[in-house]
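Under full-length UniProt numbering, the first residue of the sequence shown is numbered 1, with each subsequent residue one higher.
Using N, Cα and C, we set each Cβ at its ideal position, and we do this for glycine too.
Here the structure is a predicted model, which is why all the values come from computation and not from measurement.
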Amino acid sequence: MIKEYDYLFKLVIIGNSGVGKSSLLLRFADDQFSESYLTTIGVDFRFRTLPIDGKNVKLQIWDTAGQERFRTITSAYYKGADGIVMVYDVTQGQSFDDIDKFWLHEVESYGEKNVQLLIIGNKNDLDEQKQVETSKAEEYCKSHNMLFMESDHVNNAFLELSRKLMAKKDASQPPKSTNVTSNASQQSQSRGVTSSSGSQLNKLSANTSNQKKQKDGGCC
Ligand SMILES: Nc1nc2c(ncn2[C@@H]2O[C@H](COP(=O)(O)OP(=O)(O)O)[C@@H](O)[C@H]2O)c(=O)[nH]1
Ligand SMILES: [Mg+2]
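Structure, rendered in structure tokens:
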């Protein structure tokens, strides 16, 4: 059997409209998505496989089709996510403030227990217009047990996040040496992660229960 990946993680990207979430994903991901399917349910997802410590880590990264503009992202979007990437624009202080005022509450309401959080400060190339100081964001993330990176280190950000998720996965369920691919796909299905055909997306989008869940804050 061809060993495609050792770990599969679902990540979702959230943050204010216009902060550059879709651009960031486009820059980072490996491949194209199936347009017709995704526009139907309002989710774009892309993949990136990273070799980490001799293992292949496949990231399935979900992006909205603009629902954040109206703050109408459903709980189904967050379901089964191993990690949540919150993006702000370093030139828009409001987009950083809204992480605390709005997005974190969304995560607390809909995110899985134990979900790992990463904050990315995007548009870091616009140095002269910078409104959110790196040290301020760093301090905030540290006090909330979140990973933090600015967008000029986006690969590192996803690498760090992946390492955290690998460690959590190993701690909860040590990987077996045989039949790794089917193992990973079974695990992903039990968490509600889609296969590349997206066969579970409809199930997820149908699930809009707003059950409050207690998040334990992830870890840093
Ligand atoms: N200067 C700069 N502009 C960016 C960057 N990322 C995105 N943008 C611009 O920001 C705007 C919004 O980007 P988009 O990806 O649609 O944001 P979204 O609404 O969060 O998905 C677009 O005009 C992008 O070209 C970046 O890293 N630097
Ligand atoms: Mg977008």
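Taking DSSP as the reference, what is the three-state secondary structure of residue i?
{"i": "D97", "result": "helix"}
{"i": "T49", "result": "strand"}
{"i": "residue 222", "result": "Outside the modelled stretch of the chain, which goes from 1 to 220, sits residue 222, for which no answer is possible."}
{"i": "D170", "result": "helix"}
{"i": "V115", "result": "coil"}
{"i": "V193", "result": "With a pLDDT of 32 at V193, under the threshold of 50, the predicted position of this residue should be treated as unreliable, though the coordinate-derived value follows. Coil at V193, not helix or strand."}
{"i": "N156", "result": "helix"}
{"i": "residue 223", "result": "It is not possible to answer for residue 223, since the shown part of the chain is limited to 1 through 220."}
{"i": "Q131", "result": "coil"}
{"i": "V12", "result": "strand"}
{"i": "V107", "result": "helix"}
{"i": "E150", "result": "strand"}
{"i": "L24", "result": "helix"}
{"i": "L161", "result": "helix"}
How should residue i be labelled, buried or exposed, when 16 other C-beta atoms within 10 angstroms of its C-beta is the threshold for buried?
{"i": "G54", "result": "exposed"}
{"i": "K21", "result": "buried"}
{"i": "Q116", "result": "buried"}
{"i": "L126", "result": "exposed"}
{"i": "N114", "result": "exposed"}
{"i": "T74", "result": "buried"}
Assuming residue i contacts residue j under a Cβ cut-off of 8 angstroms, what Cβ separation, rounded to an integer in Å, is found between them?
{"i": "V90", "j": "K136", "result": "No, V90 and K136 are not in contact; Cβ-Cβ is about 10 angstroms, not under 8 angstroms."}
{"i": "residue 221", "j": "Q67", "result": "There is no way to answer for residue 221, as the model of the chain reaches only from 1 to 220."}
{"i": "A81", "j": "I120", "result": "Incorrect: roughly 16 angstroms between the Cβ atoms, too far for contact."}
{"i": "E165", "j": "F9", "result": "As written in the sequence, residue 165 is Leu, which differs from the Glu given in the question. Yes, they are in contact, since the Cβ atoms of L165 and F9 sit about 5 angstroms apart, within 8 angstroms."}
Is the Cβ of residue i closer than 9 angstroms to any Cβ of chain B?
{"i": "S17", "result": "The chain labelled as chain B is not found in the depicted structure, where only one protein chain is given."}
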